[in-house]
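Report on the structure given below.
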Amino acid sequence: MTAAKTNDYGKTQPRPSPVRTTHQGLTQILKLENLSVSFEGGLKPAVRGVSFSLMAGEIVGLVGESGSGKSLTALSLMGLLPSSAVQDGGRIIFKGQDLGALSPDERRRLCGTHLGMVFQEPLTALNPVLSIGEQVAEIYRLRCGKSYKEALAEAIEMLGRVGLPNPAQAAESFPHRFSGGMRQRVVLAMALALSPEILIADEPTTALDPTIAAQILELMSRLAAGDNSSVLFITHNLRLLKGLAQRVMVMYTGLIVEEAPVGEIFDSPAHPYTQGLLRALPPGLDEPAPERLTAIGGAPPVPGQWPAGCPFEPRCGRAFAPCRESVPPITDLGGGRHVRCFLYSSED
Amino acid sequence: MFTLKNVCKTFKPSRGLGRELSAWLGSLGGRREDDDGVKAVRGVDLIIRPGEILGLVGESGSGKSTLGRIMAGLYLPDEGTVLFDGHDLTNLDKEGWKKFRRRVQIMFQDPVSSLNPRLTAGAIVEEGLVIHKMGTATERRARVLSLMEEVGLPADSVNRYGHQFSGGQRQRLSLARALSLDPELLIADEPVSALDVSIQAQIINLLMDLKARRGMTLVMVSHDLPLVRILADRLAVMYGGMIMEVVDREFLETVRHHPYVMSLWASAANEGFSHILEGEPPDPQNPPTGCPFHPRCREAIDICREQRPQLLQHDPGFACACHRRDKLEFSRQLPL
Chain A
1 MTAAKTNDYG KTQPRPSPVR TTHQGLTQIL KLENLSVSFE GGLKPAVRGV SFSLMAGEIV
61 GLVGESGSGK SLTALSLMGL LPSSAVQDGG RIIFKGQDLG ALSPDERRRL CGTHLGMVFQ
121 EPLTALNPVL SIGEQVAEIY RLRCGKSYKE ALAEAIEMLG RVGLPNPAQA AESFPHRFSG
181 GMRQRVVLAM ALALSPEILI ADEPTTALDP TIAAQILELM SRLAAGDNSS VLFITHNLRL
241 LKGLAQRVMV MYTGLIVEEA PVGEIFDSPA HPYTQGLLRA LPPGLDEPAP ERLTAIGGAP
301 PVPGQWPAGC PFEPRCGRAF APCRESVPPI TDLGGGRHVR CFLYSSED
Chain B
349 MFTLKNVCKT FKPSRGLGRE LSAWLGSLGG RREDDDGVKA VRGVDLIIRP GEILGLVGES
409 GSGKSTLGRI MAGLYLPDEG TVLFDGHDLT NLDKEGWKKF RRRVQIMFQD PVSSLNPRLT
469 AGAIVEEGLV IHKMGTATER RARVLSLMEE VGLPADSVNR YGHQFSGGQR QRLSLARALS
529 LDPELLIADE PVSALDVSIQ AQIINLLMDL KARRGMTLVM VSHDLPLVRI LADRLAVMYG
589 GMIMEVVDRE FLETVRHHPY VMSLWASAAN EGFSHILEGE PPDPQNPPTG CPFHPRCREA
649 IDICREQRPQ LLQHDPGFAC ACHRRDKLEF SRQLPL
């Protein structure tokens with residue numbers, strides 16, 4: 001989809017510059033301090049002390065394998081944790097306001113307006129018995145107090161912006177009529193309907209085919225840039241972030257083990273886990289193919305049954321004595337790079 | 349080893365009473381019944397060479413899994429012939445099928461549903477040996493243990509049940525089961541797409557090692573072009589139930605590819621968003637006329653809409669089904 005085709009989206013709008021400003025000198029919009037999430041039943045926490053911040057307008061990638069706690073982090077931001085899980089520590093500060101201090105009602109109103117979320121599976125994210133138009137219009141009715149007619153008109157315009165071919169007709173259809181890619185466009189329309197300050201995208205393209213995934217990624221980053229929304233992009237696929245995010249955080253066993261600007265993550269990853277992930281990932285097709293992949297041996301620990309030392313120690317080729325004893329602290333490597341590994345710890 | 353000629357497979361809707369009734373009502377109203385089933389595979393010609401790794405690549409609905417299952421003998425084609433070592437699969441007798449199944453095995457994508465939850469890992473791996481009456485009970489047990497070792501499972505796993513394994517271990521178990529009869533051909537249908545990245549590489553490396561050690565033939569069905577590129581000797585790319593292109597590994601970077609393959613390649617390269625393909629894959633219930641890719645192809649002309657392109661050998665090690673192949677500049681080299 002090229003710049004010349006903006007009218008495909010129902011509304012001509014200036015195409016935002018693809019180059020976004022960097023981390024420095026921007027206003028902080030969201031801050032997580034030591035977030036901890038546990039499941040009932042007395043297990044050790046599934047998310048244990050996650051801290052990061054999000055600047056206005058930036059796209060940040062959160063990478064991790066299943067069980068790493070990346071989705072739980074996203075859900076606790078939205079206040080959507082499953083009933084079996086509970087946030088038992090830490091603070092979420094949105095534009096200077098502690099979300100934990102709000103009443104559930106206030107929090108829901110705030111999250112519903114200023115935060116948008118896209119889920120992995122578009123079919124389960126949509127209500128099967130409501131038409132597409134009703135589902136999108138509901139947002140304008142509830143959050144902006146519009147009449148049904150006005151809301152529907154806005155919904156149709158939004159559906160056009162996400163590239164549904166015939167938005168007025170699409171608004172009358174039901175989710176099962178749509179392909180996976182079209183459904184994900186609808187979910188994106190709902191998430192971006194109120195131009196939220198933050199868009200949380202939890203594996204939005206994992207269920208899609210490669211050519212469709214590319215369309216959705218392009219659309220998402222273009223619309224987010226147009227609204228100057230920040231994006232927290234959650235994925236298990238590091239490769240997706242290369243042309244998309246400005247900053248990447250790598251999660252393992254409920255901890256952020258490395259955080260760095262996207263270039264450094266790919267060119268000189270610091271944590272042995274990040275290094276292993278990059279070697280295990282088949283390279284993009286613009287890079288030469290290796291003879292074989294280098295796998296990380298073993299398997300991640302079962303969530304909640306974390307080892308006492310560094311969680312990656314059992315699979316790490318560079319582990320030494322201190323790694324077995326305690327969880328390594330975060331070391332600041334400068335230039336926005338942070339790593340949780342004893343290899344970089346200044347104590348020795 | 350395998351020769352597929354003009355293979356077609358359509359999944360007809362089941363003819364229940366309700367469907368009959370609605371069809372009858374529809375015909376009263378002068379409406380033609382247009383539901384003639386899902387055309388999953390539409391005329392595929394393909395040869396599997398002994399000892400090779402063939403990567404069968406395509407998006408969902410492209411027919412790749414159906415084709416893999418036809419090769420595994422799980423579906424019979426509606427049209428066309430499937431020859432395995434000169435035997436036509438459509439008229440094998442019971443004895444013939446039994447021999448065929450010893451030589452051709454398949455492993456599936458979902459590591460949970462493909463293992464019987466009521467059997468221990470040992471029983472799952474041994475089942476094939478029992479059915480084919482191979483060896484005494486003691487010999488079979490020894491064989492199961494050596495298979496477990498070969499796929500990298502601890503020896504005590506024989507007494508455990510499927511749910512007690514992690515996803516990667518379950519795929520190792522599926523692999524042990526598929527290898528128990530020493531097949532000459534293994535069809536792996538998306539064997540790693542349900543696994544995490546760090547585990548994915550372990551299973552891919554295991555597959556490559558086993559293939560090399562046993563000298564078997566491997567057909568790897570997958571949607572992940574970057575992954576398949578690493579292990580395949582030959583790549584066949586499917587779209588809309590047809591094969592768009594077949595290319596040998598050594599020519600991958602030098603031939604002029606099919607426009608669809610170019611787009612697929614670009615979507616997996618870190619090129620930014622400059623080569624995004626518009627539109628969606630065809631509906632297999634109602635595929636477009638002519639070339640299945642023409643509604644999304646920038647190079648399509650009238651003939652593409654009317655006539656179906658044949659898969660033609662253009663260069664040694666490269667076959668492509670495209671009317672525009674020789675006429676246009678579109679097929680620039682891959683971004684390598």
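For the protein sequence lines, the chains are A and B, in the order given. Counting in our numbering, the first sequence tops out at residue 348, every number present. Counting in our numbering, the second sequence tops out at residue 684, every number present. Positions of the beta carbon are idealized from the N, C-alpha and C atoms, including for glycine.
Check                                                                                                                                                                   : Outcome
Closer than 6 Å by C-beta to Ala616 of chain B: which residues in its own chain qualify, once you throw out the five before and the five after it? Chain order, please. : Leu573, Pro574
Looking only at C-alpha atoms, which of A:Arg108, A:Val47, A:Leu240 sits nearest to Ile139 of chain A?                                                                  : A:Arg108
Kindly say whether Pro629 of chain B, judged by its beta-carbon, lies nearer than 8 Å to any beta-carbon of chain A.                                                    : yes
What is the DSSP secondary structure of Met564 of chain B, counted as helix, strand or coil?                                                                            : coil
Can you list the residues of chain B that Gln305 of chain A reaches, using a CB-CB cut of under 7 Å?                                                                    : In chain order: nothing, as chain B lies at least about 13 Å away.
Going by the CB atoms, is the gap between Leu32 of chain A and Met78 of chain A shorter than 8 Å?                                                                       : no
Of the residues that make up the region 212-243 of chain A, which ones have a beta carbon closer than 9 Å to any beta carbon in chain B?                                : Ile212, Ala213, Ala214, Gln215, Leu217, Glu218, Ser221, Arg222, His236, Asn237, Leu238, Arg239, Lys242, Gly243
Taking only runs that begin and end inside the region 501-531 of chain B, name each unbroken beta strand (DSSP E) of 3 or more residues, in chain order.                : none
By a C-beta neighbour count over all protein chains shown, 10 Å radius and 16 as the cutoff for buried, is Leu404 of chain B buried or exposed?                         : buried
Is it buried or exposed for Trp372 of chain B, if we count other Cβ within 10 angstroms and need 16 for buried?                                                         : exposed
From Asp674 of chain B to Thr205 of chain A, what distance separates their C-alpha atoms?                                                                               : 35 Å
Output, in chain order, the set of chain B residues within a Cβ distance shorter than 7 Å of Ser66 of chain A.                                                          : Asp544
Just curious, the beta strand (DSSP E) that Thr351 of chain B is in, first and last residue?                                                                            : 350-359
Less than 8 Å between CB atoms is the rule here; does Pro349 of chain A satisfy it with respect to chain B?                                                             : Outside the shown range of chain A, which is 1 to 348, sits residue 349 of chain A, and nothing can be said about it.
What does DSSP give as the partner residue(s) for Glu427 of chain B in the beta ladder?                                                                                 : B:Cys356
Given that Leu573 of chain B touches chain A, what residues does it touch there, using C-beta distances under 8 Å?                                                      : Pro210, Leu285
DSSP three-state call for Gly89 of chain A: helix, strand or coil?                                                                                                      : strand
Would you mind reading off the limits of the beta strand (DSSP E) that contains Asp116 of chain A?                                                                      : With the sequence shown as reference, residue 116 of chain A is identified as Gly, and Asp is not the correct amino acid for it. Gly116 of chain A -> beta strand (DSSP E) spans 115-118.
Could you check whether the Cβ of Pro282 of chain A sits closer than 8 Å to any Cβ belonging to chain B?                                                                : yes
Write down the C-beta distance between Glu654 of chain B and Thr637 of chain B rounded to the nearest angstrom, noting that I regard them as a contact closer than 8 Å. : 7 Å
Once you ignore the five residues that flank Thr22 of chain A on each side, which residues in its own chain have a CB closer than 6 Å to its CB?                        : Residue placement at Thr22 of chain A is flagged as unreliable, the pLDDT there being 45, under the threshold of 50; the coordinate-derived value follows with that caveat. Cβ neighbours of Thr22 of chain A beyond the five flanking positions: none.
In the DSSP assignment, what are the bridge partners of Ser345 of chain A?                                                                                              : Per DSSP, none; premise fails for Ser345 of chain A.
What span of residues does the alpha helix (DSSP H) with Gln135 of chain A cover, start to end?                                                                         : 132-144
Does DSSP put His338 of chain A in a helix, in a strand, or in coil?                                                                                                    : strand
Is any beta-carbon of chain A found at less than 8 Å from that of Ala388 of chain B?                                                                                    : no
Run through the DSSP bridge pairs and tell me what Thr438 of chain B is partnered with.                                                                                 : Thr438 of chain B is not bridged to any residue.
State the start and end residues of the unbroken alpha helix (DSSP H) segment that holds Thr486 of chain B.                                                             : 485-498
What does Leu293 of chain A reach in chain B if we use C-beta pairs closer than 7 Å?                                                                                    : Ala549, Ile552, Asn553, Ile578
Anything in chain B within Cβ reach of Leu277 of chain A, meaning under 7 Å, just list it in chain order.                                                               : Val545, Ser546
With 8 Å set as the bound, which would you pick, yes or no: does the beta-carbon of Ile59 of chain A sit closer than that to a beta-carbon of chain B?                  : no
Ignoring anything shorter than 4 residues or poking outside the region 169-223 of chain A, list the alpha helix (DSSP H) runs there in chain order.                     : 180-192
Looking at the structure shown, is Phe666 of chain B part of a helix, part of a strand, or coil, going by DSSP?                                                         : strand
Would Ala56 of chain A and Leu26 of chain A qualify as a contact pair, given that the criterion is a beta-carbon distance under 8 Å?                                    : yes
Taking 7 Å as the line, does the beta carbon of Leu579 of chain B fall inside it for any heavy atom of the ligand MN?                                                   : You won't find the ligand MN in this model; it holds no ligand whatsoever.
Do the region 139-153 of chain A and the region 180-188 of chain A touch if we need at least three Cβ pairs shorter than 8 Å?                                           : no
What separation, rounded to the nearest whole angstrom, lies between the Cα atoms of Leu554 of chain B and Leu660 of chain B?                                           : 35 Å
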